[in-house]
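Visitor: Protein sequence lines correspond, in order, to chains Z and F.
The working numbering puts the first residue of the first sequence at 4, with every later residue one more than the last.
The working numbering puts the first residue of the second sequence at 30, with every later residue one more than the last.
Using N, Cα and C, we set each Cβ at its ideal position, and we do this for glycine too.
Being a predicted model, the structure only gives us computed values, none of them experimental.
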Amino acid sequence: MFEALYSLSWVTLWGVTLAAAAPLALAALGGLLSERSGVVNLGLEGMMLVGAFTTAWVGLLGPSGFWGAMLGLLLAGCAGAMLAGLHALLCLWGKADQIISGVALNIFASEMTIFLALWLYGTKGSTGILDYTLAGVSLGSLRISLFFVLVLCVWLGLEILLWRTVWGLRLRACGEHPQALYSTGISPYKVQIVAVLASGFLAGLAGAALVHGAGNFSKNMTAGRGYIAIAALVFGNWLPRRVLAACLLFGFAYALNFQLQALPTNKIPSEFLSMLPYALTLLALVGWVGRTRPPAALGKPLDI
Amino acid sequence: MERSVAWKAGWEGLWATHHALLWVLILGGLVLLYMGESPAHVYGLLLQGSLGGVAQISATLSASTPYLLCGLALVFGFRAGLLNIGAEGQMFAGAILAALWGRSLIWSGSFVWLLLIAALAGALWAMLPALLKVRFGIHEVICTIMLNYIIFAAGAWLVRQPQIRVDPTIPRTADIALAAQLSSLSVGGLRLDVGLLLGGVLAWGLWRFLRDARLGYEVRVVGLQPEAARHSGIPIGRRLILAFVISGALAGLAGGLYVASPQHPYFEPDFSPGWGFWGIALALLARNHPLAVVPAALLFGILETGASVLDTTRGIPREMIQLLQVTLILFLSTRFFQGKAGGSDV
Numbered sequence: 004m005f006e007a008l009y010s011l012s013w014v015t016l017w018g019v020t021l022a023a024a025a026p027l028a029l030a031a032l033g034g035l036l037s038e039r040s041g042v043v044n045l046g047l048e049g050m051m052l053v054g055a056f057t058t059a060w061v062g063l064l065g066p067s068g069f070w071g072a073m074l075g076l077l078l079a080g081c082a083g084a085m086l087a088g089l090h091a092l093l094c095l096w097g098k099a100d101q102i103i104s105g106v107a108l109n110i111f112a113s114e115m116t117i118f119l120a121l122w123l124y125g126t127k128g129s130t131g132i133l134d135y136t137l138a139g140v141s142l143g144s145l146r147i148s149l150f151f152v153l154v155l156c157v158w159l160g161l162e163i164l165l166w167r168t169v170w171g172l173r174l175r176a177c178g179e180h181p182q183a184l185y186s187t188g189i190s191p192y193k194v195q196i197v198a199v200l201a202s203g204f205l206a207g208l209a210g211a212a213l214v215h216g217a218g219n220f221s222k223n224m225t226a227g228r229g230y231i232a233i234a235a236l237v238f239g240n241w242l243p244r245r246v247l248a249a250c251l252l253f254g255f256a257y258a259l260n261f262q263l264q265a266l267p268t269n270k271i272p273s274e275f276l277s278m279l280p281y282a283l284t285l286l287a288l289v290g291w292v293g294r295t296r297p298p299a300a301l302g303k304p305l306d307i
Numbered sequence: 030m031e032r033s034v035a036w037k038a039g040w041e042g043l044w045a046t047h048h049a050l051l052w053v054l055i056l057g058g059l060v061l062l063y064m065g066e067s068p069a070h071v072y073g074l075l076l077q078g079s080l081g082g083v084a085q086i087s088a089t090l091s092a093s094t095p096y097l098l099c100g101l102a103l104v105f106g107f108r109a110g111l112l113n114i115g116a117e118g119q120m121f122a123g124a125i126l127a128a129l130w131g132r133s134l135i136w137s138g139s140f141v142w143l144l145l146i147a148a149l150a151g152a153l154w155a156m157l158p159a160l161l162k163v164r165f166g167i168h169e170v171i172c173t174i175m176l177n178y179i180i181f182a183a184g185a186w187l188v189r190q191p192q193i194r195v196d197p198t199i200p201r202t203a204d205i206a207l208a209a210q211l212s213s214l215s216v217g218g219l220r221l222d223v224g225l226l227l228g229g230v231l232a233w234g235l236w237r238f239l240r241d242a243r244l245g246y247e248v249r250v251v252g253l254q255p256e257a258a259r260h261s262g263i264p265i266g267r268r269l270i271l272a273f274v275i276s277g278a279l280a281g282l283a284g285g286l287y288v289a290s291p292q293h294p295y296f297e298p299d300f301s302p303g304w305g306f307w308g309i310a311l312a313l314l315a316r317n318h319p320l321a322v323v324p325a326a327l328l329f330g331i332l333e334t335g336a337s338v339l340d341t342t343r344g345i346p347r348e349m350i351q352l353l354q355v356t357l358i359l360f361l362s363t364r365f366f367q368g369k370a371g372g373s374d375v
């Protein structure tokens, strides 16, 4: 049953792993910003979805080539940030339960993108194929996705921001003890709003990475990646480099699934292969239990 | 809570819900105006399509059944402090097992077995996240979402198997035995699903269980004050598992009832428009009161039946109405629509 494994091209597999890990890592690092500030963001899935739709929309609308794709990325981030703004509005102003708000926003984004695709393109399933997608750079025979390069930049930026700047200190303080932050004259609300918006922006970019990988937008194309990103966050103990490593692990599960399905000698049913990322996520969470510590004030509404 | 206080909380909740509904209808009206439709006309058509005659009311009642059971599943989970977003997957488990076993249930009255098997399948599929939560402290939302995708894939694989499917071109299982199907009752032309009646009875039973039974009380304490539950010696883990399992059994029953219906006595991978997920909306609408899920489910039945009429006759996509439903959840989750006494506890 497993002889197909021997005929895999490992270099290609690593390349696909990087490409599959990129959207997970962008969303997870975004989620890290939000959760470090104390706001649970289960809406990553929905933010990825609106980002993905926006990328496809901009790509099909006109501006082509590299700069058109960049405009698409920017707008995808903004779309994600808009949904994140709604999350902040509901949770911080409306005092909604953060988990319910996140899950509800995911349903909202799913229905919204299906509705918009129907309205703009007349199809419920998927949009047309984009003319131009961001490919990767080749390093020998290894293909590195441009989005993975972006992930590395975001990761480095986060490491510096979180541990080397006043902003990062405030962000972490806000997630651990918002009252202490408040007593130094800084509004925890402001910190959380900025963090949630930034997390939405990154999740929007993650959606864009998905569309550039697949070539078009199709309904509910995120297929749980937002939740896997949250699992990576837990698995990575809310530390950027461990979260990145967790995303690479989950990305490997996706890559194995894609590559094995493409092999003509493969005998494992594709449905079972597609379970790989979800099963691995569950296993990772079970295996890593008790060794992680979330931010102390995570998910607790501010009463300041 | 004293009875009069409970009633007051109930009325305030109803008032706040009614407000949220009004705002959502106004918002939807604005979108409809933008689309060049007359809101009054469209809402009129929606009501006419869902309540305009005996046939329409029958369709609405039948559409409400899965909402009712999934809503009850979510309510029971919420009462123990669990967000069972896996209701969709548990419903799949129920439908799959019912469709597989239903073919060999040929004795008269064996629909009872069919429903029991479906509930058991849902309960077992819910047992897994329950154990993972209690034993390993893994949050139920991530866990159940992963399990949802796993069972969706399993369902998609199942209907491809030559021993199970009817026709290689249609991805669905063969019909279940006639004896395992549940025909609906007819009351003066009005078609009444047995499932809906069963759901109503279950709503009443769950309400009494949560209000009067010791176990129900303990489940409520675990949901409201886990710390108090620990100090009063309530086995929190076992009560969480109980709540998860009952929630899963209700969702599995929703799947079994779908398969037991003579209109579609088989399992197909896209049988559900997300009833398990809409259960969250119903629980919020009902403010976690089992009895209040009944009118909430009827409302969703009206919206679904009306939306499909609008879709086919006016070309207004049903996603439009579904967007209004999600907006309703978003509104109801905020403090502005909670009601002063903050929901009911009995």
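(1) When the Cα atoms are used, what is the spatial distance from F/G138 to F/L207?
(2) Taking its Cβ as the centre, do 16 or more other Cβ atoms sit within 10 Å of Z/C156, making it buried, or is it exposed?
(3) Quick one: using the 10 Å Cβ neighbour count with 16 as the cut-off for buried, is Z/G18 buried or exposed?
(4) Using DSSP's beta-bridge definition, name the partner residues of F/D196.
(5) Under 9 Å, do Z/A55 and Z/L205 count as touching if we go by C-beta distance?
(6) Check whether the segment 331-344 of chain F touches the segment 283-296 of chain F, taking contact to mean three or more Cβ pairs, one atom from each stretch, closer than 8 Å.
(7) Just to confirm before moving on: does the CB-CB distance between F/L50 and F/L357 stay below 9 Å?
(8) Which residues in the same chain as F/V251 place their Cβ atom closer than 6 Å to its Cβ, once the five residues preceding and following it in sequence are excluded?
(9) Given a threshold of 16 other Cβ atoms within 10 Å of its Cβ, counted over all protein chains shown, does Z/N384 qualify as buried or as exposed?
(10) For F/L221, list the residues DSSP reports as bridge partners.
(11) Report buried or exposed for F/L144, applying the criterion of at least 16 other Cβ atoms within 10 angstroms of its Cβ.
(12) Given a cut-off of 9 Å on the beta-carbon distance, is the pair Z/P243 and Z/N260 in contact?
(13) Look up Z/V140 in the DSSP assignment and give the residues it is bridged to.
(14) For Z/S277, does the three-state DSSP call read helix, strand or coil?
(15) Which parts of the segment 164-251 of chain Z are runs of the alpha helix (DSSP H), unbroken and 4 residues or longer, counting only runs that do not cross its ends?
(16) Please give me, in chain order, every unbroken run of the beta strand (DSSP E) with length at least 3 that falls completely inside the segment 112-167 of chain F.
(17) In whole angstroms, what separates the C-alpha of Z/G68 from that of Z/G49?
(18) Pick helix, strand or coil for F/S373, following the three-state DSSP scheme.
(19) How is Z/S129 classed by DSSP in three states: helix, strand or coil?
(20) Using three-state DSSP, classify F/R364 as helix, strand or coil.
(21) If you compare alpha carbons, which of F/V195, F/A278, F/W142 and F/I86 is closest to F/V216?
(22) Assign F/G371 to one of two classes, buried (16 or more other C-beta atoms within 10 Å of its C-beta) or exposed (fewer than that).
(23) Okay, do the segment 277-285 of chain F and the segment 118-128 of chain F touch, 3+ Cβ pairs below 8 Å being the bar?
(24) Quick check: the Cα distance between Z/W158 and Z/S221, rounded to an integer number of angstroms?
(25) Out of curiosity, what's the CA-to-CA distance linking F/F300 and Z/E38?
(26) What does a CB cutoff of less than 6 Å around F/S79 pick up in its chain, not counting 5 residues either side in sequence?
(27) Specify, as a first and last residue, the run of the alpha helix (DSSP H) that Z/A299 falls within.
(28) Should the segment 18-34 of chain Z be called in touch with the segment 250-269 of chain Z, which here means at least 3 C-beta pairs below 8 Å?
(29) For Z/W96, decide whether its Cβ has a neighbour in chain F, counting only Cβ atoms nearer than 9 Å.
(30) Just to confirm before moving on: does the CB-CB distance between Z/L35 and Z/L236 stay below 9 Å?
(31) Can you name, in chain order, every residue of its own chain whose Cβ lies under 6 Å from the Cβ of Z/L305, other than the five neighbours on each side?
(32) Run through DSSP, which three-state label would F/V188 get?
(33) Should Z/W72 be flagged as near chain F, meaning a C-beta pair shorter than 9 Å?
(34) Is Z/M50 close to chain F? Criterion is C-beta to C-beta, closer than 9 Å.
(35) Does the Cβ-Cβ distance between Z/L276 and Z/L263 come in under 9 Å?
(36) Which residues bound the alpha helix (DSSP H) around Z/G80?
Guide: This is what the structure holds:
(1) Locating residue 138 of chain F in the second sequence gives position 109, counting from the first residue. Locating residue 207 of chain F in the second sequence gives position 178, counting from the first residue. F/G138 and F/L207: Cα-Cα distance of roughly 10 Å.
(2) Here residue 156 of chain Z is taken as the residue at index 153 of the first sequence, counted from 1. Exposed: under 16 other Cβ atoms inside 10 Å.
(3) Your numbering for residue 18 of chain Z matches position 15 in the first sequence. So Z/G18 ends up on the buried side.
(4) Here residue 196 of chain F refers to the residue found at position 167 of the second sequence. DSSP, once it has assigned bridges, lists F/I199 as partnering F/D196.
(5) Here residue 55 of chain Z is taken as the residue at index 52 of the first sequence, counted from 1. Here residue 205 of chain Z is taken as the residue at index 202 of the first sequence, counted from 1. No, the pair does not count as a contact, with Cβ atoms beyond the cut-off.
(6) no
(7) Within the second sequence, numbered from 1, the residue matching residue 50 of chain F stands at position 21. Within the second sequence, numbered from 1, the residue matching residue 357 of chain F stands at position 328. Yes, they are a contact pair.
(8) Taking the first residue of the second sequence as 1, we reach residue 251 of chain F at position 222. Around F/V251: A109, A258, I265 and R268.
(9) Absent from the model: residue 384 of chain Z. The displayed extent of chain Z is 4 to 307, so no value can be given.
(10) Stepping through the second sequence from its first residue, residue 221 of chain F is reached at position 192. According to DSSP, which records beta bridges pairwise, F/L221 is partnered with F/L214.
(11) Taking the second sequence and counting its residues from 1, the one referred to as residue 144 of chain F is at position 115. F/L144 should be labelled buried.
(12) Along the first sequence, one-based indexing puts residue 243 of chain Z at 240. Along the first sequence, one-based indexing puts residue 260 of chain Z at 257. Result no, Cβ atoms of Z/P243 and Z/N260 do not sit closer than 9 Å.
(13) Sequence index remark: in the first sequence, residue 140 of chain Z carries index 137 (1-based). For Z/V140, which the question treats as bridged, DSSP gives the partners Z/I147.
(14) Taking the first sequence and counting its residues from 1, the one referred to as residue 277 of chain Z is at position 274. Correct three-state label for Z/S277: helix.
(15) Listed in chain order, they are 169-179, 181-186, 191-217 and 228-238.
(16) none
(17) As a first step, residue 68 of chain Z must be located in the first sequence, where it is residue number 65. As a first step, residue 49 of chain Z must be located in the first sequence, where it is residue number 46. Separation of Z/G68 and Z/G49 (C-alpha to C-alpha, rounded to the nearest whole angstrom) is 27 Å.
(18) As a working mapping, residue 373 of chain F is identified with position 344 in the second sequence. Bear in mind that a pLDDT of 44 at F/S373, under 50, signals an unreliable position, so the model cannot answer this.
(19) Residue numbering aside, residue 129 of chain Z sits at position 126 when the first sequence is read from its first letter. Secondary structure at Z/S129: strand, using DSSP grouped into helix, strand and coil.
(20) Along the second sequence, read from residue 1 onward, the residue named residue 364 of chain F stands at position 335. The answer is helix: DSSP assigns F/R364 an H, G or I state.
(21) By one-based count along the second sequence, residue 216 of chain F stands at place 187. Looking at F/V195, F/A278, F/W142 and F/I86, the one whose alpha-carbon comes closest to that of F/V216 is F/I86.
(22) The sequence position of residue 371 of chain F within the second sequence is 342, counting from 1. Unreliable positioning characterises F/G371 in this predicted model, as indicated by a pLDDT of 41, which lies under 50. The coordinate reading is nonetheless provided below. Exposed.
(23) Between the segment 277-285 of chain F and the segment 118-128 of chain F there are three or more inter-stretch CB-CB distances shorter than 8 Å, so the stretches are counted as touching.
(24) Sequence index remark: in the first sequence, residue 158 of chain Z carries index 155 (1-based). Sequence index remark: in the first sequence, residue 221 of chain Z carries index 218 (1-based). For Z/W158 and Z/S221, the distance between alpha carbons rounds to 28 Å.
(25) Position 271 of the second sequence holds residue 300 of chain F. Position 35 of the first sequence holds residue 38 of chain Z. C-alpha separation (whole angstroms): 36 Å.
(26) One-based indexing of the second sequence puts residue 79 of chain F at position 50. Only Q85, T89, I331, T334 and G335 meet the Cβ criterion.
(27) Residue 299 of chain Z sits at position 296 when you count from the first residue of the first sequence. Here Z/A299 belongs to no alpha helix (DSSP H), and DSSP marks it neither H nor E.
(28) The segment 18-34 of chain Z vs the segment 250-269 of chain Z: in contact.
(29) Against the first sequence, residue 96 of chain Z aligns to sequence position 93. It does: the Cβ of Z/W96 has a partner Cβ on chain F nearer than 9 Å.
(30) Indexing the first sequence from 1 puts residue 35 of chain Z at position 32. Indexing the first sequence from 1 puts residue 236 of chain Z at position 233. Using a Cβ distance threshold of 9 Å, Z/L35 and Z/L236 count as a contacting pair.
(31) Reading the first sequence from its first residue, position 302 is the one you call residue 305 of chain Z. P181 and P191.
(32) Within the second sequence, the letter at position 159 stands for residue 188 of chain F. Of the three classes helix, strand and coil, the one that applies to F/V188 here is coil, per DSSP.
(33) Taking the first residue of the first sequence as position 1, residue 72 of chain Z is located at position 69. It should be noted that the sequence gives Ala, not Trp, for residue 72 of chain Z. No, Z/A72 does not count as interfacial toward chain F.
(34) Along the first sequence, read from residue 1 onward, the residue named residue 50 of chain Z stands at position 47. It does not; no Cβ of chain F falls within 9 Å.
(35) The residue you call residue 276 of chain Z lines up with position 273 of the first sequence. The residue you call residue 263 of chain Z lines up with position 260 of the first sequence. Result yes, Cβ atoms of Z/L276 and Z/L263 sit closer than 9 Å.
(36) Taking the first residue of the first sequence as position 1, residue 80 of chain Z is located at position 77. Unbroken alpha helix (DSSP H) run through Z/G80: G68 to A91.
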